[in-house]
Amino acid sequence: MKRTYPSGASKFKISKVKKAALQKGRQTLFDVGITTTPKTTDALYTSSTKQKYDGSIQSSVSGNSAGSIEKLATFEDCQISGSDNTSTRTTSSDGPALLQPFDIGEFKTEKFSPSQLEKFVMAGHIPFQLDMPKDNGNHIFPMSVLKSRMPNGKFFSRDWLVFSPAKTALFCFPCRLLPRNQLPHMTSSLAMIGGWGYEKKWKNLISRIPEHEHSKIHKQCYIQWRELEARMKTDQPIEHLMNRQILNEADTWRKILERILDVILFLGERGLAIRGKSDLIRDSHNGNFLGLLELISHYDPILKEHVIKVKQSQDKGQRLQAHYLSNRSQNEFIGLCAAEVRRQIIEKCKSAKYFSTMVDATPDVSHTEQSSFVIRYVHEKEPGKFLIEERFLIFADCAKKTGFDIAEIILKTLETLKICFEDCRGQGYDNGVIMSGKYKGVQAILQKKNPLSVFSSCGCHSLNLFGQNAASSCTDAETFFGTVQTVYTIFYC
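Going by UniProt numbering, the final residue of the sequence shown carries number 493, and the count climbs one at a time with no gaps.
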């Protein structure tokens, strides 16, 4: 009579083959999800999950060295939060610090920053344990779901499927890590915060896992996970590439600004005009500044590209966000250079301690009374070698004409420049009554505040007054200069 059911020996052989295949799939999952180091130390997992790990880790590494795990950190060690520093590192004396595997079930947030995703991918998940608990219906976990059968009959491990001892639940590693706003139609429990827990029936995973695996969203997440992993291996994650691009652009702008600043300094040193009648590139009347930049651009590729962009925007009538060639940018560069020169002059004056001031006023083309401030000090150029330096500091609007008002302007200007007037040892003005008056002149008012600031009249102005008085004493000379002044007035008007 033909046997209708397999014998005990046949069942034993079939069971042995299944166990061997299942063990092979488990080892593949372990190799994907664990980070190893060449040195052994004690495990750093907490007492709440210690019993779950103790029985699983030893059996998980049956195909590997039993002492290959350096440390296993739980969520309490990693302290997952909103910050980027979300993973702990283990410092080994034999090599650099390594990120530790983590438990995805400990996450209480749905969104992760790019840097967090990179760290999680680098660290990997804790290994899949073999002694899976039973569900609420007292059903064992179907180990067959850990492998996927291809149409050609081959089996591949589902390396994206991970188990969280903290939640006692299964998760899809890539679908859980990606931001929820990128997965609007994902309804699978494997991608949720709670995962597929033991309270649900394990046997339903046989149909739900293939359904999740073949979904379009899961395939996209899996590809993004593997691409990020590949970039991390080549040390070129997206964040690093973006940072590198930003640094390259900043370096290009820095070089452009250096060339513009050099042209400004070149023209200022020689007292040449900066602007012309036009602000257009390739215009012969655009002035020395733009002309020199055009000349340098013929031999400098960085400046050439920038000048071409500005020229194209001017031809199209469009405005670039920034090109630093306008009149406003030129004035800003000049102001920055002047501030730096003034700062160095003030530092030398302070190092010399004592100084003298010279102030004189004259109207400009806009009929604004401009008072120029000049200081003189002794600078030690070399050890034992001293040099008297006379430096211009600033222009100040001096609309008022009384001695008290001008003295107040002088004191406020020195205070603004952070120069102490108590260190002043000399004053130099013209011989006008407002400046050199014995009682209400500027020098008399300032000497009351600092008696050591000795007044000395301007020698050139004194010589001019001497010549004027000498010429006025001669009738012929007075008639001659009067006639010249009259002619000049007639033809000038």
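Just so it is clear, CB atoms sit at the ideal spot from N, CA and C, and this is done for glycine as well.
Between proline 133 and tyrosine 198, the C-beta spacing is below 8 Å.
Contact between the region 352-366 and the region 406-425 is present: 3 or more CB-CB pairs across the two stretches fall below 8 Å.
Going by DSSP, serine 188 is part of no alpha helix (DSSP H) at all; its letter is neither H nor E.
Nearest C-alpha to histidine 367 among Phe395, Gly403, Trp202, Ala399: Ala399.
Positions of the beta strand (DSSP E) runs, each at least 3 residues long and wholly inside the region 376-430, are given as 385-397, 424-429 in order along the chain. Taking 8 Å as the cut-off, the beta carbon of glycine 441 is found no closer than this to the beta carbon of valine 454. Contact between isoleucine 375 and cysteine 337 is ruled out by a C-beta separation of about 19 Å, above the 8 Å threshold. For proline 127, the closest alpha carbon among the candidates Gly137, Lys309, Ile193, Phe171 is that of Phe171. A contact between stretches requires three or more CB pairs, one per stretch, nearer than 8 Å, and the region 196-211 meets this requirement with the region 144-161. For threonine 489, the enclosing alpha helix (DSSP H) begins and ends at 475-492. The region 306-320 and the region 268-276 do not touch, with fewer than three beta-carbon pairs separated by less than 8 Å.
Its chain contains Cys172, Cys175, His212 as the residues whose beta carbon lies nearer than 7 Å to that of histidine 218, once the 5 sequence neighbours on both sides are disregarded; these appear in chain order.
When secondary structure is reduced to three states using DSSP, cysteine 175 falls in the helix class. For glutamate 347, the three-state secondary structure derived from DSSP is helix. Per DSSP, proline 6 is not a residue of any beta strand (DSSP E), being assigned neither H nor E. As computed with DSSP, glutamate 369 is found in a beta bridge with Pro363. For valine 454, the uninterrupted beta strand (DSSP E) run begins and ends at 454-457, by DSSP.
Comparing alpha-carbon positions, the option among Thr168, Gly459, Phe107, Lys438 lying closest to aspartate 430 turns out to be Gly459. Residue pairing by DSSP leaves leucine 303 without any beta bridge partner. When rounded, the separation of the alpha-carbon atoms in isoleucine 406 and glycine 426 is 17 Å.
The DSSP-derived three-state label of serine 148 is strand. When DSSP states are grouped into helix, strand and coil, tryptophan 160 belongs to the coil group.
Contact check for phenylalanine 421 against asparagine 450 passes: the beta carbons are separated by less than 8 Å.
About 6 Å separates the CB atoms of isoleucine 281 and valine 310; that is less than 8 Å, so the two are in contact.
The region 255-269 and the region 224-235 do not touch, with fewer than 3 CB-CB distances between them shorter than 8 Å. Residue nearest to threonine 402 within the set Ile445, Leu414, Glu415, Arg259 is Ile445 (criterion: CA-CA distance).
Note on geometry: alpha-carbon atoms of glutamate 249 and alanine 322 lie some 13 Å from one another.
Exclusion of the five residues before and after glutamate 390 leaves Val374, Arg376 as the residues of its chain whose Cβ lies within less than 7 Å of its Cβ. Sequence-distant Cβ neighbours of isoleucine 345 in its own chain, meaning closer than 6 Å and more than five residues away, are Arg391. Non-local C-beta neighbours of proline 363 in its own chain, meaning closer than 6 Å and more than five positions away in sequence, comprise Glu369, ordered along the chain. If you draw a straight line from the Cα of methionine 150 to the Cα of valine 17, it comes to about 18 Å.
Judged by DSSP secondary structure, arginine 226 falls within the alpha helix (DSSP H) whose first and last residues are 216-233.
In the structure shown, alanine 169 falls within a strand segment according to DSSP collapsed to helix, strand and coil.
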